[in-house]
Amino acid sequence: MFEASLAQSAILKKVLDAIKDLLNEANFECTDDGIKVQAMDNSHVSLVSLELRSDGFEKYRCDRNLSMGVNLASMAKIMRCSSNSDKVTIKAQDDNPDKVSFIFESSNQERISDYEMKLMDIDADQLGIPDTEYSCVVKMPSAEFARICKDLNQFGESLVISCSKEGIKFSTSGDLGSANVKLAQTTDADKDDAVTIEMRSPVTLTFACRYLNHFTKATPLSSQVQLSMSDEIPLLVEYRIGDMGCIKYYLAPKIDD
Amino acid sequence: SSKQSSITSFFKRK
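Protein chains in written order, with the numbering used here: chain A, 83 to 339; chain B, 584 to 597.
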């Protein structure tokens with residue numbers, strides 16, 4: 083038997099909204115430790131790695147390891163049927179289930195709804211993500227990052243991110259012209275709108291804006307975003323999910339010919 | 584111009 087409850091449906095709704103436009107389907111791997119999802123987008127340019135730890139659930143029971151093939155658009159539709167304050171319970175039989183149930187209970191207990199979703203057989207490879215010591219790790223307000231990716235995408239398809247000890251610079255150019263946004267490291271590091279940079283060595287990388295604008299769909303999950311960069315390897319964009327997990331987006335860089 | 588690389592050239596299938 084697999085059964086997991088969250089006191090508030092809001093967090094799960096935001097998680098689905100953060101991945102449903104980038105991924106069509108994914109395997110939800112359920113174990114004692116929690117729920118993990120790892121999947122590439124269709125073009126194999128980006129990879130999403132999601133983790134929801136069991137101790138972050140109000141109730142969590144996973145008698146046997148379980149893999150559920152989920153169509154994310156369908157799950158997002160079901161999640162949108164819940165109110166943010168509803169308690170949500172996910173239930174599935176653990177001997178190779180072909181469906182999963184979602185039960186939403188309103189906070190005043192007057193409304194209980196349940197949705198059953200068919201599961202799919204998804205034979206997706208799992209990728210090994212090597213541990214990496216990044217040259218630059220930048221923490222910044224997630225709304226700021228979302229704003230930059232959205233604004234600069236109007237000027238060009240590619241975003242050049244260069245990071246040094248002075249700060250982080252986002253640049254683009256196209257038919258319209260060019261645009262640059264420079265953020266200096268802030269002094270007061272522990273405020274929510276702080277920009278902090280841990281730099282081992284300067285980096286300059288180029289990425290396709292469209293993927294970054296998919297990643298920023300996770301902005302409602304966290305007020306901060308962390309960008310980890312080293313030359314010639316994928317960018318890591320990380321949003322924490324409360325104190326129960328995180329969502330990591332990896333984006334392969336554009337390499338000069 | 585710059586060419587988009589694939590994530591699978593950095594992360595190997597298990």
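Using N, Cα and C, we set each Cβ at its ideal position, and we do this for glycine too. Quick caveat: nothing in here was measured; it's all calculated off a predicted structure.
Terminal residues of the alpha helix (DSSP H) in which residue i lies
i                        : result
arginine 143 (chain A)   : That residue, arginine 143 (chain A), is in no alpha helix (DSSP H); its beta strand (DSSP E) goes 141–144.
asparagine 295 (chain A) : 291–297
alanine 359 (chain A)    : The structure shown does not extend to residue 359 (chain A), since chain A spans only 83 to 339, so no value can be given for it.
Residue i (DSSP reduced to helix, strand or coil)
i                        : result
proline 223 (chain A)    : strand
cysteine 112 (chain A)   : strand
lysine 247 (chain A)     : coil
serine 136 (chain A)     : helix
cysteine 163 (chain A)   : coil
leucine 258 (chain A)    : coil
asparagine 153 (chain A) : strand
isoleucine 204 (chain A) : coil
leucine 35 (chain A)     : Coverage of chain A is limited to positions 83 through 339, which leaves residue 35 (chain A) absent and any answer about it impossible.
Boundaries (first-last residue) of the beta strand (DSSP E) holding residue i
i                           : result
valine 319 (chain A)        : 317–323
aspartate 338 (chain A)     : 336–338
glycine 238 (chain A)       : No beta strand (DSSP E) contains glycine 238 (chain A), which DSSP labels as neither H nor E.
phenylalanine 186 (chain A) : 181–187
serine 592 (chain B)        : Note, serine 592 (chain B): premise wrong, no beta strand (DSSP E); not H, not E.
lysine 273 (chain A)        : No beta strand (DSSP E) holds lysine 273 (chain A); DSSP gives it neither H nor E.
Integer Cβ distance of residue i from residue j, believed to fall under 8 Å
i                      : j                     : result
glutamate 85 (chain A) : lysine 173 (chain A)  : 5 Å
glycine 256 (chain A)  : glycine 238 (chain A) : 4 Å
Contacts that residue i makes with chain E (C-beta to C-beta distance below 8 Å)
i                        : result
isoleucine 315 (chain A) : Protein chains in the displayed structure are A and B, and chain E is not among them.
Note to self: For the segment 186–214 of chain A, list every residue whose C-beta sits within 9 Å of some C-beta in chain B, in sequence order.
What the structure shows: Asp207, Gln208, Leu209, Gly210, Ile211 and Pro212
Notebook entry, point to check: Of the residues that make up the segment 111–129 of chain A, which ones have a beta carbon closer than 9 Å to any beta carbon in chain B?
Noted result: Met122, Asp123, Ser125, His126, Val127, Ser128 and Leu129
Check: With contact counted as at least three CB pairs below 8 Å, one residue from each stretch, are the segment 235–242 of chain A and the segment 305–324 of chain A in contact?
Finding: no
Item checked: the segment 181–201 of chain A in contact with the segment 98–105 of chain A per 3-pair CB rule at 8 Å -> no
Notebook entry, point to check: Going along the segment 279–294 of chain A in order, which residues come within less than 8 Å of chain B, judged by CB to CB distance?
Noted result: Thr288 and Ala290
Notebook entry, point to check: Between the segment 120–128 of chain A and the segment 139–146 of chain A, do three or more beta carbon pairs fall short of 8 Å?
Noted result: no
Item checked: Inter-stretch contact at 8 Å, needing at least 3 Cβ pairs: the segment 285–300 of chain A / the segment 326–333 of chain A -> yes
Notebook entry, point to check: Okay, do the segment 191–208 of chain A and the segment 157–165 of chain A touch, 3+ Cβ pairs below 8 Å being the bar?
Noted result: Judged by Cβ distances under 8 Å, the segment 191–208 of chain A makes contact with the segment 157–165 of chain A, as three or more pairs qualify.
Notebook entry, point to check: Are the segment 303–310 of chain A and the segment 209–225 of chain A in contact at 8 Å, needing three or more beta carbon pairs?
Noted result: yes
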